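For reference, the structure discussed in these notes is given below.
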Amino acid sequence: MRTVLARAQRVPITLIAPITLIAFILSLTSLAQPPRYHHDNWQTEQGLPQNTVSCLKQTRDGYLWLGTRAGLARFDGVRFTVFDRHTTPALPHNQIRHLLEDRAGNLWISTPAALVRYRAGQFTAFTTKEGLASDNVWSTYEDRAGNLWVATLGGLSRYRDGRFTSHAIGNVETMLEDREGTMWVGTTDGLVRWANDAFMTFTKQQGLAGNTIKTLFQDQQGRLWIGTTEGLSRWSEGQFVNAGLPPREITAFAQDRAGTLWVGTTDGLYEERGGRFIRYATADNRITALYADRSGNVWVGTSNGLSDVARVTNPRYIAEAVLAIYEDREGNLWSGTDGGGLHVLRQVKFNTFTTQQGLGGNVIRSVAEDRAGNLWVVTQEGGVSKFSAGHWTNLPGKDVMSVCEDRAGDLWFGTTNGLVRQRGNTRTIYTARDGLPDDHIRSLYADGAGRLWIGTRRGLARWQDGKFTSWSALDGLPDDLIGALCESRDGALWIGTRNGLSRFHNERFTNYNVNDTVLALHEDDAGNLWIGTLANGLLRFREGKFAAYTMKDGLPDDTIYHILEDDQQHLWMSSNKGIIRVSRLELEARSAEATQPLSLATYTTADGLETRECSGGGHPAGCKTRDGKLWFATLKGVAVVDPARMPFNALPPPVAIEQLLVDDQVIALNDNEQSIAAGAHRFEFAFTSLSFVAPHQAAFRYRLEGYDSDWLTTGGRRVISYTNLPSGRYRFHVQASNNDGVWNETGATLAFYLRPHFYQTWWFAALVVATLALLAMALYRLRVRRLQREFDVVLAERARLAREIHDTLAQGFTALSLQLELVTRLIDRAPATAKTHLEQARALVRDSLAEARRTVWELRSSSLAASDLPTALQQVAHQLTAGSDVNAQVEVSGIYRPLPRWLEDHLLRIGQEAITNAVKHAHATNIRLLLTFEPQRLRFSVRDNGIGFDATALPVNGDQQGGFGLVGIRERAAQIGGQLAVNSLPHEGTEIVIEVSLDE
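Our numbering applies: residue 4 is where the sequence shown begins, and numbers increase by one.
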């Protein structure tokens, strides 16, 4: 910190000249009012079908319709949609003469070949076939009862209840219904009155000025005026009165807010005043159109252009022959011209002062107001300009950067060569020799305590009590290059630098890192500090926390040069993309909840700026004057707006969805849900906002219900697309805001159903679920069956082992037991015979062991391994009856042939069981086994002469003894697919018969 006592000195004239501030007033320029309207023009290069626009109409949906000689055009402020006889077969002629929208919303289009109705996107032509008086239609008119009157070359037609009624009254030029409900029709043969379903014709013989009626008008006083090709007449108390105009053709009427009647003729404009008419000459005296806007201003169209009656002799707004004038619902004034295309005048919000209005230069560096209400503007190329009492006073020079008035009323100028104070007629210059950190002064700020703060390239300085105190980065500043300065409510100073933000309080700096250059500072009455940055948008600092607002939040630019606040708590910010207005309260709400919307408005050249690029060369780069007006520095003049009185567009813009493209195919739109075929990949929605004040500033947000969870912004685009949507029902919503940030929150919607593929349908899903359920059930059952089979296999194996044991080991042991009993009986009295039986017992043991191994390994019977089935049966019979009185014989009938091994094995075991039963249970003495071979089957029978039993009393699954005998036989018969029969009676023996098919 450095404090130096400044040496107050009178500046020599040689020093004053270089800094440009001591020159005497060089020029005094009278202020010319800046234009009140912004003018735009569209011609064929911008999409018009043809440059002669004869009629205009805005329909209730918001579109502006234009009639030309080459077709009908629909305009949304950005794009033209053209309908002509090539694209629209129901439009038989390209020349459009007149447009009218009736109370039902039908648009009626008058052409030389038909009357055409446009309704719900469809065109329908009406001609003499439908009852028109002539196909050559001039215009239409709707009366209070809803009847449509049609003026044609061949007479008058009335359309009511879907039918035309025509009257041949000549060539109809114009029509009017008066306050009493009487219909007046102007023709080339006089004036026709329609009342009580009857016509009455008036001509010059009844006092008319002429027989060819060109225009009709009823004024606010109820007077009916008739304009003819030969002069003006007035209908008064049942008769015609000569209005006193020269015999000129009357072309148009209008009445202003004061009730003054204006009459257009082919020889100038006339104003009625005190019952007399005063003529005003124009550049071209042929008046082609008059129009009274909703504010009561009367506009005059001539063969040379457009003006209003207040400036009828001044330069025109439009230098083209005007055919039609029309005001839309937002107050924009449209003009159709002869060969000059479509024009619009929009009332601007800003006035911009440039060198054309007397300003010293166009590149503005700094703006400030003094206590007398004079505005001081620093320009880059023209020095300092003073605006006072509607005049500019210029002080030339190129070295001034900033301007400020202190609390004492001294005017201070920061220059590239030092600081200049002007007190009355005395000017004093201060430089680095007087204690300033640097002679290049960018910023000036006077606080409430009377101190002057000076920002330079090498630090901060304070002027107080006649001395300078300076600080630099060495004293705690984040950077030496000082930009914006602002005093807080507690008397601290906020300092914007190239390297962030600093707060100076009680002679100490507290620095805040914002990672950017601070260009603008403003503290509001709630204690919020608003910070404009070079590249990070707008910041809000409160209670030690920062909140950021950038282009992602809807700002048009992330560079903020200056911040002002109006009396309605709106922040106004200058940027490279225009001047931004946003509600301070909305910004605060958004910092608390990120989903809160911002109603931003961005003002550009369409609003009266000469350029949308603002300036931040010095500080302050804007100011709020005592009258509440806001002034901003731009690169093309100083712009001013009065927030309390500026035109505000409070109308939410109509929103329309114009087209749906599905895979580049146009889908016809209606109010019903659109059905889209399965497999559609790309959906493109085209929509528009029907606000004409500044259509390019319209903002859009959209959401696809069923897909998007939040609203999305388009960045100004009017076409968005989706790809790879899953099947289902959707509803596309789009909303729009106008140039002043007013949103149409109803917007427009389009419902559609993307049909699923068959495999995406509910019934297919149900079928799949049912199939899977059945499959699961089938798999479960298969598993149960497999487990059952495994269990059955185990049971079968147990049964097999039981049978094998019974059929082999058990019988073997039985035979062995028999042999051993014989040995016991014979060993003492017949040792040799006993030895023979003992050898047979040993053989039985060996055979039983072999059968046991075969049973475990399911090997083939040892008897069958070495011989055929009859021989094996004979061997088994011998083993089971050896040493007994039982005679067992095996016989074969038919031609023997080998059988499959598994079949032979089962037959052998059946025979073995049958022999065992006969010996052990039936006590038979004679057993006969018979194998009968036939060509297709085998019959195997075992017959004995035992005691027999009652075969009819056999259990299903067992024999009378409950053993494995007949059960095993029955199971083996089933396994070989044979048929088993058991024939037996008590005391008559038993026969077991098995028949087996031998088919391949």
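Backbone N, C-alpha and C define an ideal beta-carbon position, used for all residues, glycine too.
Fair warning: this is a prediction, and the values are worked out from it, not measured in the lab.
For residue i, collect the residues of the same chain with a Cβ closer than 8 Å to its Cβ; drop the 5 residues on either side in sequence, then sort them by chain order.
i    : result
R368 : V381, T382, Q383, V403, M404, S405, S618, G620, G621, A624, A636
Residue i and residue j look like a contact to me (Cβ under 8 Å); what is the Cβ gap, rounded to whole Å?
i     : j    : result
W714  : Y725 : No, W714 and Y725 are not in contact; Cβ-Cβ is about 15 Å, not under 8 Å.
E676  : F755 : 6 Å
V81   : H699 : 7 Å
V643  : F280 : That belief does not hold up - the Cβ atoms of V643 and F280 are roughly 40 Å apart, past 8 Å.
G535  : N516 : Wrong, their Cβ atoms sit about 17 Å apart, outside the cutoff.
V153  : T143 : 5 Å
G1009 : F86  : Residue 1009 lies beyond the range of the chain shown here (4 to 1003); nothing can be said about it.
E490  : H525 : E490 to H525, Cβ: 11 Å. No contact.
For residue i, count neighbouring C-beta atoms within 10 Å of its own C-beta (all shown protein chains included) and say buried if the count is 16 or more, exposed if not.
i    : result
M2   : Here the chain has residues from 4 to 1003 only, and residue 2 is not among them.
A284 : exposed
L24  : The predicted position of L24 is uncertain, since its pLDDT is 35 and thus under 50; no value can be drawn from it.
F761 : exposed
H909 : buried
N747 : buried
V826 : buried
V771 : exposed
Q53  : buried
T231 : buried
F202 : exposed
S740 : buried
Q878 : buried
I898 : exposed
L790 : exposed
E824 : exposed
T749 : exposed
W634 : buried
K555 : exposed
F794 : exposed
Between the options, which has its C-alpha nearest residue i's C-alpha?
i    : options                 : result
G149 : G158, L753, L414, Y162  : Y162
N420 : L825, A435, A776        : A435
F690 : L159, A683, A701, A697  : A701
E994 : S1000, L1001, N986      : N986
I172 : D409, F205, R147        : F205
Q208 : G193, W238, K217        : G193
L272 : W238, D311, L463        : D311
L94  : G70, L235, H525         : G70
Q125 : G719, N109, A136        : N109
W415 : L932, V387, P440, G897  : V387
R72  : R88, T62, R63           : R88
A977 : S1000, M178, E991, P989 : S1000
P250 : A212, L219, W265, E274  : A212
R430 : G719, D259, D413        : D413
L336 : A523, L782, E323, R297  : R297
G361 : A523, L524, V370, F390  : F390
H926 : P901, L911, F952        : F952
Near residue i, which residues of its chain fall below 7 Å by C-beta distance, leaving aside the five closest residues on each side in sequence?
i    : result
G225 : R182
N428 : none
Q242 : G210
E661 : A689, F690, T691
I679 : V665, F755, Y756, L757, R758
Does the beta-carbon of residue i, which I'm using as the reference point, lie nearer than 8 Å to any heavy atom of the ligand ZN?
i    : result
S618 : Among the components of this structure there are no ligands whatsoever, and the ligand ZN is therefore not found.
For residue i, which residues of its own chain have a beta-carbon under 6 Å away from its beta-carbon, when the five flanking residues on both sides are left out?
i    : result
L8   : For L8, the predicted structure reports a pLDDT of 49, less than 50, and the residue's modelled location is therefore unreliable. A value from the coordinates is still provided. Within the same chain, L8 has close Cβ partners K470.
V325 : T291, A292, G304, L309, S338, T340
L906 : I979
N531 : R543, R545
G363 : T382, G385, G386, S388, N397
G453 : R410
E180 : D146, M186
### Query
Is it a yes or a no for the region 541 to 551 touching the region 606 to 613, going by three-plus beta-carbon pairs under 8 Å?
no
### Task
Examine the Cβ distances between the region 936 to 955 and the region 910 to 920 and report whether three or more of them are shorter than 8 Å.
yes
### Task
Give a yes or no on contact between the region 841 to 850 and the region 882 to 891, applying the rule of three or more CB pairs nearer than 8 Å.
With a cut-off of 8 Å, the region 882 to 891 and the region 841 to 850 count as touching, because enough Cβ pairs lie within range.
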